[in-house]
Every structure is written in C-alpha cells, then in structure tokens.
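Going by the numbering used here, the first residue of the sequence shown is number 347, and it counts up by one from there.
Each residue gets a CB set at the ideal place from its N, CA and C atoms; glycine is no exception.
A short write-up of the structure that comes next.
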Amino acid sequence: MEEHTKRRARVGAQFGRPVPRPAAGGVCVLAGVELSEAELAACCASRRWVAAVAGHRDMAALRAASRRALEKLAWADVEEALAAHPRIGERAGGGGREAGWSRGEQSGMDGAAAELRDALVEGNRAYEERFGHVFLIRASGRSALEMLAELRERLGNDAATERAVVRRELAEIVDLRLVKLAEERA
347 MEEHTKRRAR VGAQFGRPVP RPAAGGVCVL AGVELSEAEL AACCASRRWV
397 AAVAGHRDMA ALRAASRRAL EKLAWADVEE ALAAHPRIGE RAGGGGREAG
447 WSRGEQSGMD GAAAELRDAL VEGNRAYEER FGHVFLIRAS GRSALEMLAE
497 LRERLGNDAA TERAVVRREL AEIVDLRLVK LAEERA
C-alpha cells in the first residue's frame, strides 16, 4: 500500500474515535498529534474560528465544531478569513501550508486559455465592486470554466444571498483543509 493510502487510512480511523489524552489549551489533539493555532489558521484565517475549534479531541468533533463556528461567525470574522484567500486565477505566493493548498485547490486553472483567464480577472473585479470582498469558491475539483460560470451566476445575487453562499463555500474549503491537515500530520 503506498504511503498516501496508508496516511488516508490512518486519518479515516480517527473519525469519531476519541484520543486517549486530554486536549491541551490552545491546540487541537488528533490521535495524539497536537495541531497548533497556526496550523488551524492555515485552514481558516478567522481568529474567532481558531479559538472556537482549538482543543477538540478527534476529527469528527473538530469538523462538527468547525461547521458550528463558521455558522456563528460575525460577518467581520468571515471577512477576516476571506482576506487570506487569493482571487481565483491568482497564484498564492509564499511557501506556507495555506499557500500550497491554495495553489493545489486552484489547479483547475492550470492550462486555462488566456480568454478564460481574462474573463475571470474581469469577473473578479466586477464581483469585488459589487460585494466588497474576494469571490470565494471551493475551487477543488472545479474547472476554470465551472468557476467562471459560478462567478457570473453569483453576480446576480443580493448581498444576503451571497453572504450565505460565501459561508457555505468557506465551510467546504475549511473542511477540505482540515482533512488535508490531518492527512499531513498522520
């Protein structure tokens, strides 16, 4: 069995299984591996979210706490998380975990035609003018064309509808990143 498959199996075994030692303050403990606040912040840059999820004892509890925390965040806290996300079509700079994940998540942009990239740049600009923040979409598993279609559709949303969509997309991104983090640490 290749190493990635072994790690995935170890992570899968963590779901719902309590850890035999208590969680320490300011960290999350998964199968004896402590996740720091900095590691959690790579999943979601909202400080309130990090505070709400730190200290959970297993993956299932962490993911559930994440969903609850994201639902309860004030919009300013959501905006704090959004500020850490690059525009769709822009490559995240840096060598950190979050930047690496972002580049992988946006791999649907790889090889996109120049016209499609230009349309996304223009769409991002229009979206930011309309809503005041970066267009957020779970890019993993989506092509550039799918993301552009979603961007254009969401430009027709009112502010309240779009905020609800942004929260859903953020929750999907954060959940994927929590799983990636656990896989890396397994």
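Reference residue i, options the options, closest by Cα
i: Glu-518; options: Ala-384, Cys-390, Glu-385 and Leu-381; result: Cys-390
i: Gly-401; options: Leu-416, Glu-383, Arg-413 and Arg-500; result: Glu-383
i: Leu-491; options: Asp-464, Gly-502 and Arg-471; result: Asp-464
i: Glu-417; options: Phe-481, Ser-486, Ala-510 and Arg-484; result: Ala-510
i: His-479; options: Ala-407, Leu-381 and Ala-429; result: Ala-429
i: Arg-484; options: Val-520, Ala-528 and Ala-415; result: Val-520
i: Val-396; options: Glu-530, Leu-466 and Ala-427; result: Ala-427
i: Ala-407; options: Leu-524, Glu-529, Glu-461 and Ala-459; result: Leu-524
i: Ser-392; options: Glu-529, Ala-420, Arg-409 and Ala-472; result: Ala-420
i: Ala-458; options: Ile-434, Glu-529, Phe-477 and Ala-472; result: Ile-434
i: His-431; options: Arg-500, Ala-388 and Ala-472; result: Ala-388
Through-space distance from residue j to residue i, alpha-carbon basis
i: Ala-411; j: Arg-514; result: 15 Å
i: Ala-422; j: Ala-398; result: 16 Å
i: Val-424; j: Arg-403; result: 25 Å
i: Arg-394; j: Glu-385; result: 14 Å
i: Ser-489; j: Ala-415; result: 29 Å
i: Ala-369; j: Met-493; result: Its pLDDT being 41, under 50, Ala-369 is placed unreliably by the model, and the measurement read from it follows with that caveat. C-alpha separation (whole angstroms): 39 Å.
i: Arg-474; j: Gly-487; result: Checking the sequence shown, residue 474 turns out to be Glu, not Arg. Their backbone Cα atoms lie some 23 Å apart in a straight line.
i: Phe-481; j: Asn-470; result: 6 Å
i: Gly-372; j: Glu-461; result: Any answer about Gly-372 is weak, because its pLDDT of 47 lies below 50 and its placement is not dependable; what the coordinates show is given next. Taking the straight line joining both Cα atoms gives about 46 Å.
i: Ala-495; j: Ala-506; result: 20 Å
i: Leu-516; j: Arg-531; result: 22 Å
i: Lys-526; j: Gly-502; result: 33 Å
i: Glu-349; j: Arg-409; result: Reliability of the predicted coordinates at Glu-349 is poor, the pLDDT of 41 falling under 50, and no value is obtained from them.
i: Arg-500; j: Leu-381; result: 35 Å
DSSP state of residue i mapped onto helix, strand, coil
i: Leu-494; result: helix
i: Leu-381; result: strand
i: Asn-470; result: helix
i: Ile-533; result: Any answer about residue 533 is impossible in this case: the structure gives the chain only from 347 up to 532.
i: Leu-482; result: coil
i: Ala-427; result: helix
i: Cys-389; result: helix
i: Ala-369; result: In this prediction, Ala-369 has a pLDDT of 41, which is less than 50 and means its spatial position is unreliable; nothing more can be read from the coordinates.
i: Ala-397; result: helix
i: Ser-489; result: coil
i: Leu-527; result: helix
i: Ala-458; result: coil
i: Ala-407; result: helix
i: Asp-534; result: Since the first and last residues shown for the chain are 347 and 532, residue 534 lies out of range.
i: Arg-433; result: coil
i: Ala-420; result: coil
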